[in-house]
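Same order as they appear, the protein sequences are chains G and Y.
Residue 2 is where the first sequence starts when you use the numbering used here, and the numbers rise one by one after that.
Residue 13 is where the second sequence starts when you use the numbering used here, and the numbers rise one by one after that.
Glycine included, every Cβ here is placed at the ideal spot set by N, Cα and C.
In this text, all values refer to a predicted model and were calculated from it rather than measured experimentally.
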Amino acid sequence: MSFAYLLRRILTSIPTVLFVVFVVFIVIHLVPGDVVDMMLGTQNYLTKEQIEQLYKQYGLDKPLIVQFGVWLKNLFTLNFGTSLRTGRRVIDLIFDRFPVTLELSVLSMFFATVIGIPLGIVAAIKKNSFVDGLVRVIGLIGLSSPSFWVGAILIVIFSGTFKGFNIFGYVHLREDFLRNLQVMFLPSLTLGLMLSAQIMRMTRSSMLDVLQQEYIRTAKAKGVSYSQLIAKHALKNALIPIVTLSGIQLGYLLAGTIVIENMFALPGLGRLLLQAVNERDYPVIQFVVMFIAMLIVVLNILIDFVYTLIDPRVELR
Amino acid sequence: MRKFLLVFLTLLLAVGIFAQKLGGKLVIAMETEPVGLDPHLVTAFASHRVLENVYDGLLRYGENLQLVPNIAEEFQVIDPYTIVFKIRENVKFHDGTPLTVEDVLFSFERILNPDTKSPAAAFYQDVESIKAIGDNRIEFKLKKPMASALLPNFAGVNSSIVSKKFVESGKNLQLETNGTGPFYLAEYVPGNYIVLKKNPHYFVKNQPYLDEIRIVFMPEEVSRVSALKNGDVDIAKINEPLNVKQFPEGRFKIYRSPVLSYYLIGINTKRKPFDDPQVRNALNYAINREAIIKTVAFGEGVVTGPLSPMVQPWALLPKDFDEYTYNPTKAKQLLAQAGYPNGFEFEIVTSQRYNFDKVAQVIQAQLAEVGVRAKINLVEWGIFIKRWRESDFDAFISMNSGSIEPDIQFYRTFHSKGSTNVFLYSNPRVDELLELGRSTVDTAKRKEIYDELQRLLVKESPIIFLYSANQIFVSNASVEGFKLLPNESLIFLRETYKK
């Protein structure tokens with residue numbers, strides 16, 4: 002991957018990110034109920050003049066396009082804004098919340114691949130056998146079970162059975178490594194189980210595809226051992242669609258998994274965004290959305306890079 | 013010698029019991045987290061629950077919602093226009109600086125300054141002047157003779173006393189706290205938890221008992237229930253009454269108390285057919301309030317009139333209103349008289365919070381029996397607020413916070429110029445009663461005024477009062493001294509301890 006390629010990819014993605022932020026900006030401002038409404042709730046304690054003053058103070062009295070312009074201008078001067086509701090700097094909020102979501106995403110992907118890929122391989126090798134059928138049924142159940150249900154079931158099972166195992170009470174890795182892993186275990190397992198179903202199905206079909214290729218037959222004829230045949234010749238070639246899928250899944254995870262973060266009381270990005278939308282906390286919404294859009298862009302570049310590692314014929318130009 | 017020994021042993025025992033009360037760390041699971049920390053600005057329920065333990069007002073509520081001295085060690089209603097507070101000596105802020113009359117004056121100046129935009133400013137709009145008398149008294153002079161009606165406001169979080177020096181040094185109270193309350197805010201990790209620690213300077217001797225309270229935010233009920241069962245938390249708020257069954261008595265303690273806030277149907281009195289008071293009155297007979305409590309709250313609640321039955325001596329009880337007897341036949345009759353023999357159709361706007369949607373469904377079914385067809389429009393909370401504010405509804409279902417003071421409960425809601433009169437309700441007699449109630453000092457006379465008002469409000473029904481749900485907390489067996497107040501305050505955490 003050349004530097005010029007990287008630069009070009011980054012530059013071409015800027016309009017995409019801005020477009021996403023712009024659309025979200027317009028949509029959230031068009032939804033009835035604004036930050037001042039949320040602040041006052043069903044109490045009307047301010048006079049009309051005070052309310053107007055609030056709109057002015059927050060710059061909400063200006064046309065939408067001007068407001069977006071002001072936000073952009075501030076962005077370029079590295080002024081990312083403060084939450085209108087809590088007075089905290091948006092950048093600090095991201096720094097606090099993103100590590101939680103990142104850790105959750107990485108651990109979930111770990112579970113998803115560790116469960117999904119081996120099961121997929123087994124199903125492909127034993128095609129149409131009882132094992133294949135069983136794995137496929139499990140996969141179907143995984144695909145169709147909603148995360149809140151799986152999460153609730155796991156919570157109920159664990160809270161009754163394993164006394165002393167910390168299900169709740171997130172602490173940072175640095176503070177208490179063991180507790181952190183305990184608290185992260187169930188949410189990442191929940192997400193991992195769900196995602197593993199997709200990975201398993203993708204691995205199976207991709208492997209089946211590859212196993213029918215002529216070079217596999219050639220390898221077999223050459224007398225390559227079975228395990229080497231599967232691991233080196235088949236799996237490596239079957240990996241590209243699996244990596245693509247995992248990349249998409251990771252992007253989805255990094256954008257914050259609102260349901261799971263809520264359920265396991267994890268202070269992640271998803272919960273921050275949900276709360277900001279509920280409160281119409283515009284600066285928080287805008288910056289978080291932009292941050293997520295940038296993450297997805299970076300992730301896509303990384304995935305393309307991984308392709309070149311798996312398949313030397315792929316070249317990024 | 014034996015006597016001496018007995019005394020000694022008794023003393024030892026007393027010290028033992030007392031010592032047991034001290035110390036400990038309590039973990040409490042709450043559904044929502046604070047939105048801002050400035051006591052003069054916050055409106056969020058969760059902010060109030062934290063700040064009422066960090067800041068003090070001149071007064072506070074006692075166990076039976078009676079007003080008791082707090083920062084003010086005494087208060088005196090000199091006449092209906094004058095209240096004098098004697099400020100307690102030796103009160104210190106969490107940063108160690110002493111609280112003075114200056115801080116009290118500054119706090120009220122800050123509240124009343126329009127630039128602050130404090131919700132409490134509205135409470136004190138009829139205050140003529142606030143001044144210090146000597147170095148430990150403060151006098152409030154009022155424009156209207158409403159001293160008694162004003163008093164409960166001094167116990168609210170929005171009327172907390174803040175440090176003049178601290179605020180003037182440029183600190184942002186939304187982010188940092190410096191109160192005089194039993195606990196100080198030691199750590200706040202947004203989205204995760206808040207740690208309150210014992211204030212060593214607290215002016216009430218030997219309080220608080222706990223060394224530390226950790227409030228963890230758990231939005232999902234299933235998580236709070238499991239965390240409690242698993243021992244991750246000591247005490248948690250439970251919203252779904254059915255979940256209480258999961259906690260066997262003995263291992264757990266259940267706390268329940270009715271609350272002042274109440275479910276209601278709000279009606280737009282300017283829209284047809286609701287512009288006719290007879291139509292609104294008829295709906296009362298068609299609604300079976302007990303059935304709603306049974307279905308939605310699994311029996312955990314009480315039917316309420318315009319004032320919660322707990323608010324004595326003021327409240328008329330549900331049995332005092334003929335309208336509260338479920339009588340669909342009479343409802344049909346009244347509707348026919350009003351010109352709607354075949355009923356009518358209207359829209360109920362509500363949102364999915366606090367089971368509003370379920371209340372709406374039960375009411376929809378009940379009204380259908382008298383031929384009234386209610387269409388439920390479920391909207392997101394922000395959209396609900398917008399429509400509420402703009403009176404853009406035929407009817408809505410929501411919850412209002414209640415008060416122990418009839419003036420606070422009624423004036424802003426039902427006065428034709430009231431700030432939360434989104435029902436656009438206007439009745440000259442109601443306005444007159446509200447003004448009279450506010451300025452009458454004699455309790456017996458005031459009671460007569462509010463009795464008439466309550467009857468009129470049920471008869472005319474700009475709001476159909478439904479019920480108050482019980483609040484429920486569950487703790488493990490080691491928690492002692494925890495108490496709930498009907499205003500949903502958690503100030504008794506200062507008297508809570510762990511065995």
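*Hey, out of G:Q51, G:T309, G:V28, G:A125, whose CA is closest to G:R202's CA?*
G:A125
_Suppose the cutoff is 7 Å on Cβ atoms and the five residues either side in sequence are ignored; what does the same chain contact list for G:T114 look like?_
I200, S247
*Ignore the nearest five residues each way along the sequence and tell me which others in G:L230's own chain have a CB closer than 6 Å to its CB.*
A220
*Please specify which runs of the alpha helix (DSSP H), each continuous and at least 4 residues long, are wholly inside the region 161 to 232 of chain Y, giving them in chain order.*
176 to 180
*Would you give the residue range spanned by the beta strand (DSSP E) that Y:L79 belongs to?*
79 to 81
_Option nearest G:Y325 by Cα separation, candidates G:L303, G:I311, G:L55, G:G271_ = Any answer about residue 325 of chain G is impossible in this case: the structure gives chain G only from 2 up to 318.
*asked:* Please list, in chain order, the residues of the region 47 to 61 of chain Y that have any C-beta partner in chain G closer than 7 Å.
replied: V47, G48, T55
*Under 7 Å from the C-beta of Y:M42: neighbouring residues of chain G*: The contacting residues do not exist; Y:M42 stays about 10 Å from chain G at best.
*So, does the CB of G:A256 fall closer than 8 Å to a CB anywhere in chain Y?*
no
*Taking 8 Å as the CB-CB cut-off, is Y:I29 touching chain G?*
Any reading at Y:I29 is ruled out, since the residue's pLDDT is 49, under 50, leaving its predicted position unreliable.
*Environment of G:S228 [buried if 16+ CB atoms lie within 10 Å]*: exposed
_Residues that DSSP places opposite G:M40 in a beta bridge_ = None; G:M40 has no bridge partner.
*Given that G:E280 touches chain Y, what residues does it touch there, using C-beta distances under 8 Å?*
V47
*What separation, rounded to the nearest whole angstrom, lies between the Cα atoms of Y:S363 and Y:R72?*
33 Å
_Using only CA atoms, which one of G:L251, G:E104, G:R314 lies nearest to G:L174?_
G:E104
*Please decide whether Y:E64 counts as near chain G, where near means a Cβ-Cβ distance under 8 Å.*
no
*asked:* Let me check understanding here. Comparing Cα to Cα, which of Y:R467, Y:E417, Y:K457 lies closest to Y:R441?
replied: Y:R467
*Count the other CB atoms, across all protein chains shown, that sit within 10 Å of the CB of G:T83; report buried if there are 16 or more and exposed otherwise.*
buried
*Rounded C-alpha distance that separates Y:K153 from Y:Y136*: 11 Å
_Contact set for G:G143: own chain, Cβ-Cβ below 7 Å, skip 5 residues either direction_ = L194, M195, S197, A198
*Quick check: the region 148 to 166 of chain G against the region 220 to 239 of chain Y, are there 3 or more CB pairs under 8 Å?*
yes
*Where does Y:G577 sit, in a helix, a strand or coil, going by DSSP?*
Only positions 13 to 511 of chain Y appear in this structure, which leaves residue 577 of chain Y out of reach.
*CA-CA distance, Y:A31 and Y:L222?*
Low per-residue confidence applies at Y:A31: pLDDT is 48, beneath 50, and the placement is therefore not dependable enough to give any value.
*Y:Y93 (DSSP reduced to helix, strand or coil)*: coil
*Below 8 Å on the Cβ atoms is my guess for Y:R122 versus Y:H52; work out the distance and round it to an integer in Å.*
6 Å
*Do we get a CB-CB distance below 8 Å when we pair G:D177 with the residues of chain Y?*
no
*Should G:T245 be flagged as near chain Y, meaning a C-beta pair shorter than 8 Å?*
no
_Once DSSP output is grouped into helix, strand and coil, what is the label at G:M110?_
helix
*Looking only at C-alpha atoms, which of G:L270, G:F81, G:Q214, G:L275 sits nearest to G:G252?*
G:L270
*Measure the C-alpha to C-alpha separation of G:T17 and G:Q276 and round it to an integer number of angstroms.*
25 Å
*G:Y6 - containing alpha helix (DSSP H), residue span*: 4 to 31
*Own chain partners of G:R328 with C-beta closer than 7 Å, once the 5 adjacent residues on each side are dropped*: Only positions 2 to 318 of chain G appear in this structure, which leaves residue 328 of chain G out of reach.
*Could you please give me the residues that DSSP links to G:N129 through a beta bridge?*
Looking at the DSSP assignment, G:N129 forms no beta bridge with any residue, so it has no partner.
*Spatial distance of Y:K429 from Y:G449 (CA atoms)*: 16 Å
*Answer yes or no: the CB of G:G252 versus the heavy atoms of the ligand FAD, is any distance below 7 Å?*
By its list of ligands, the structure shown contains no ligand whatsoever, and the ligand FAD lies outside what it can speak to.
*Near Y:N496, which residues of its chain fall below 7 Å by C-beta distance, leaving aside the five closest residues on each side in sequence?*
The amino acid occupying residue 496 of chain Y in the given sequence is Leu; Asn does not appear at that position. These residues qualify, in order along the chain: Y267, S269, Q483, F485.
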